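Taking it in order: structure first as structure tokens, then the write-up.
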Amino acid sequence: MTTVLLIALAVTLCLTLLAWHIRHKPLLWIAAAFAWGMLLRTALESLRA
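For the sequence shown, position 31 matches number 32 in the working numbering, and the numbering has no gaps at all.
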């Protein structure tokens with residue numbers, strides 16, 4: 002599960018940095034917010050298990 006969290010964190014950070022670099026693309030911000038939500042949900046599920 003730790004590997005999944007690390008991969009999810011890397012993807013989330015890449016999406017966030019890309020959205021920050023290209024500020025005029027709102028879909029990138031939506032994708033980054035979705036990725037942060039999925040990462041948080043996965044982390045909470047792994048803590049609960």
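Idealized CB from N, CA, C, for every residue including glycine.
Remember, it's a predicted structure, so these values are computed and weren't measured experimentally.
Here the alpha carbons of leucine 18 and threonine 4 stand approximately 21 Å from one another.
If the five residues before and after alanine 9 are omitted, its C-beta is found closer than 8 Å to the C-beta atoms of Ala36, Met39, Leu40 and Thr43, all from its own chain and listed in chain order. Straight-line measurement puts the Cα of leucine 45 at about 30 Å from the Cα of isoleucine 23. In this structure, DSSP gives alanine 36 a helical state, which the three-state scheme calls helix.
The beta carbons of alanine 33 and leucine 16 sit about 4 Å from each other, so the pair counts as a contact at 8 Å.
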